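Chemist: Protein sequence lines, in the order shown, are assigned to chains A and B. Residue numbering for the first sequence follows this note's numbering, starting at 595 and increasing by one per position. Residue numbering for the second sequence follows this note's numbering, starting at 595 and increasing by one per position. Ideal Cβ placement from N, Cα and C applies to all residues, glycine included. None of these values were measured; they are calculated from a predicted model.
There are 2 protein chains.
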Amino acid sequence: MGRWEPNARDRLERAALALFAENGYDAATVAGIADRAGLTKSTFFRHFADKREVLFAGQGMLAELLSSAIRAAPPSATTADCLAAALESAAVAFTPERRDLAPQRRAVIAANSELQERELLKRARLSSVMADALRARGTEETTARLAGELGVLAFSTAYARWAAPENRQPFTQIALAALRDLQASATTLGANADVRA
Amino acid sequence: MGRWEPNARDRLERAALALFAENGYDAATVAGIADRAGLTKSTFFRHFADKREVLFAGQGMLAELLSSAIRAAPPSATTADCLAAALESAAVAFTPERRDLAPQRRAVIAANSELQERELLKRARLSSVMADALRARGTEETTARLAGELGVLAFSTAYARWAAPENRQPFTQIALAALRDLQASATTLGANADVRA
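1) Is it true that the region 625-641 of chain B meets the region 719-730 of chain B, where meeting means three or more beta-carbon pairs spaced less than 8 Å apart?
2) Determine the chain B residues that contact Asp775 (chain A) at a beta-carbon separation under 7 Å, and present them in chain order.
3) Would you mind stating whether Leu747 (chain A) and Leu770 (chain A) have Cβ atoms separated by less than 7 Å?
4) Using a cut-off of 9 Å between C-beta atoms, extract the partners of Thr781 (chain A) located in chain B.
5) Are Thr623 (chain B) and Glu599 (chain B) touching if we call contact CB-CB under 7 Å?
6) Using the three-state DSSP reduction, which class does Arg693 (chain A) fall into: helix, strand or coil?
7) Would you tell me roughly how many angstroms separate the C-alpha atoms of Arg739 (chain A) and Glu743 (chain B), rounded to the nearest one?
8) Taking the alpha helix (DSSP H) that Arg762 (chain A) belongs to, which residues open and close that run?
9) Report all residues from its chain with a CB closer than 7 Å to the CB of Phe650 (chain A); omit the five preceding and five following residues, and keep chain order.
10) Taking only beta carbons into account, state which residues of the region 658-679 of chain A come closer than 9 Å to chain B, listed in chain order.
11) CB-CB under 8 Å to Ala666 (chain A), same chain, minus the five flanking residues each way: which ones, in chain order?
12) For Arg640 (chain A), tell me which candidate among A:Ala772, A:Arg603, A:Leu659 has the shortest Cα-Cα distance.
13) Establish whether the CB of Glu691 (chain B) and some CB of chain A are separated by less than 7 Å.
14) Would you list, in chain order, the members of the region 711-733 of chain B that have their beta-carbon closer than 7 Å to a beta-carbon of chain A?
15) Given this structure, state the Cα-to-Cα distance separating Lys635 (chain A) from Thr736 (chain B), to the nearest angstrom.
16) Along the alpha helix (DSSP H) that carries Asp726 (chain B), what are the first and last residues, could you check?
17) Going by DSSP in three states, Leu633 (chain A) sits in which element: helix, strand or coil?
18) Would you mind reading off the limits of the alpha helix (DSSP H) that contains Val648 (chain B)?
19) What residues in the region 739-750 of chain B bring their beta carbon closer than 7 Å to a beta carbon of chain A?
20) Quick one: using the 10 Å Cβ neighbour count with 16 as the cut-off for buried, is Ala752 (chain A) buried or exposed?
21) Less than 7 Å between the beta carbons of Trp783 (chain B) and Ala780 (chain A), yes or no?
22) Is there contact here, the region 702-710 of chain A with the region 611-620 of chain A, by at least three beta-carbon pairs under 8 Å?
23) Since Thr673 (chain A) is in the alpha helix (DSSP H), which residue starts that stretch and which ends it?
24) What is the residue span of the alpha helix (DSSP H) that Asp604 (chain B) lies within?
25) Is any heavy atom in the ligand GTP found nearer than 6 Å to the beta carbon of Ala625 (chain A)?
26) Under a three-way DSSP split, which group does Thr751 (chain B) fall into?
27) Alpha carbons only, please: which of B:Ala785, B:Pro697, B:Gln767 is nearest the one belonging to Phe614 (chain B)?
28) Tell me whether the beta-carbon of Ala727 (chain B) lies closer than 7 Å to the beta-carbon of Ser661 (chain B).
29) Judging by CA-CA distance, which residue of B:Gln653, B:Met655, B:Glu607, B:Arg700 is the nearest neighbour of Pro759 (chain B)?
30) Between A:Pro690, A:Ala718, A:Ala657, A:Ala704, which has its C-alpha nearest Gln763 (chain A)'s C-alpha?
31) Are the beta-carbon atoms belonging to Ala718 (chain B) and Leu714 (chain A) less than 7 Å from one another?
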């Protein structure tokens, strides 16, 4: 109790994901997760508020990374440049060492409707954080909102591709390619804008 | 009990919104809503599953309208044309007679974080319904997903403008204008798509 535990957070996360995968998310308990990790419940609670936070603890850091990168982009950067900078900055959270956890996390969420809702709310929050950061740079309201959604689509597409077992590319490369695909789609959707004007 | 009540659904909806506004959403009860409407609890439950459904009962119909309009669009329609058809079809749910309820509904949701989450999930569902309908027409995956988000942004922007006290325009006109604004933003975001390629 209270002593320093090497890699406690990582061990707890891996133990939780293993238990969620084996017995289902609902059946897992904090005591069971701590036990599986060879740690105590009190160590668990020093790292996570509850078992759900094991799956969503990264949201705050991710929001901060995306937002900071947009705010730090040079004044000459276009809105699309800002989104690219945001995605590049997020890559620190998606290192090769963490890639094996992603398919497990995705499978747990896909199997539970409450967690799926939580994931949708996370996406809405990330979209809104990016839109806010763009507004703070002076991006016009409609473009800021659409850019927030486009950024989150690029992020979630990239995350799914990065997590795929056959993938060997780093997150940044995948994310920038997803962003370019979405920009091409945006061009398609923007065309014929005056047909019904 | 059991007899036909004229406009029961509308009376229940207005009574619920009035109570939510006066005492807060959490304090309102089904019995109180029915009483305020001069109806019984069993009449309430013939129309709504619970008090939250008074605020979100339209979601299923709206999803159906948006989806059907996209599926019914002629083969020559562009993706943007499909979104315009979807928004036009939604207008039947946003008649002048219902406009005075909208600001109350928005205020109730804005004051309650659980309802805000529910509203975000509603938007995610509508986006996904439009993307599915576009995929069924053969729209490419990335464009379908982005179009779903763009459609929902157009819808939510239009709803907010339509609900504004100073507004006198019909929903369709507002929604198509919002769509055109978003298409212009999409063009902006699509530009420079190859800068980092």
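Modeler: Answer, in terms of the structure:
1) Touching, no.
2) Counting only Cβ-Cβ distances below 7 Å, Asp775 (chain A) has contacts in chain B at Thr736, in chain order.
3) No, Cβ-Cβ distance for Leu747 (chain A) and Leu770 (chain A) is not below 7 Å.
4) Chain B residues near Thr781 (chain A): Ala780, Thr781, Leu783, Gly784, Ala785, Ala787.
5) Their beta carbons are not under 7 Å apart, which means Thr623 (chain B) does not touch Glu599 (chain B) by this criterion.
6) Three-state result, Arg693 (chain A): coil.
7) A straight line joining the alpha-carbon of Arg739 (chain A) with that of Glu743 (chain B) spans about 10 Å.
8) Neither: Arg762 (chain A) is in no alpha helix (DSSP H) and is coded neither H nor E.
9) When the five nearest sequence neighbours on each side are left out, the beta carbons in the same chain lying within less than 7 Å of the beta carbon of Phe650 (chain A) are those of Arg712, Lys716, in order along the chain.
10) Within the region 658-679 of chain A, the residues whose Cβ lies closer than 9 Å to any Cβ of chain B are, in chain order, Thr672, Thr673, Ala674, Asp675, Leu677, Ala678.
11) Counting only residues of its own chain and dropping the five nearest sequence neighbours on each side, Ala666 (chain A) has a CB closer than 8 Å to the CB of Ala679.
12) Answer by Cα proximity: A:Arg603.
13) Against chain A, the CB of Glu691 (chain B) has no partner CB under 7 Å away; the residue lies outside that interface.
14) With the criterion set as a beta carbon lying under 7 Å from some beta carbon of chain A, the members of the region 711-733 of chain B are Glu711, Leu714, Leu715, Ala718, in sequence order.
15) Approximately 43 Å between the Cα atoms of the pair.
16) Counting along the chain, the unbroken alpha helix (DSSP H) around Asp726 (chain B) starts and ends at 707-730.
17) Here DSSP, grouped into helix, strand and coil, assigns Leu633 (chain A) to coil.
18) For Val648 (chain B), the enclosing alpha helix (DSSP H) starts and ends at 645-650.
19) Listed in sequence order: Arg739, Leu740, Ala741, Glu743, Leu744, Leu747.
20) Buried, because 16 or more other Cβ atoms sit within 10 Å of the Cβ of Ala752 (chain A).
21) One detail in the question is off: residue 783 (chain B) reads as Leu in this sequence, not Trp. For Leu783 (chain B) and Ala780 (chain A), yes; Cβs fall inside 7 Å.
22) The region 702-710 of chain A vs the region 611-620 of chain A: in contact.
23) In the DSSP assignment, Thr673 (chain A) falls within the alpha helix (DSSP H) that extends over 673-684.
24) According to the DSSP assignment, Asp604 (chain B) belongs to the alpha helix (DSSP H) that extends over 602-617.
25) This structure simply doesn't include the ligand GTP, nor any ligand for that matter.
26) Thr751 (chain B) falls in the helix class under three-state DSSP.
27) When only C-alpha atoms are compared, the closest one is B:Pro697.
28) In this structure, Ser661 (chain B) lies closer than 7 Å to Ala727 (chain B) by Cβ.
29) The shortest Cα separation from Pro759 (chain B) among B:Gln653, B:Met655, B:Glu607, B:Arg700 belongs to B:Arg700.
30) It is A:Pro690 whose Cα lies nearest to the Cα of Gln763 (chain A).
31) Judged by their CB atoms, Ala718 (chain B) and Leu714 (chain A) are nearer to each other than the 7 Å cut-off.
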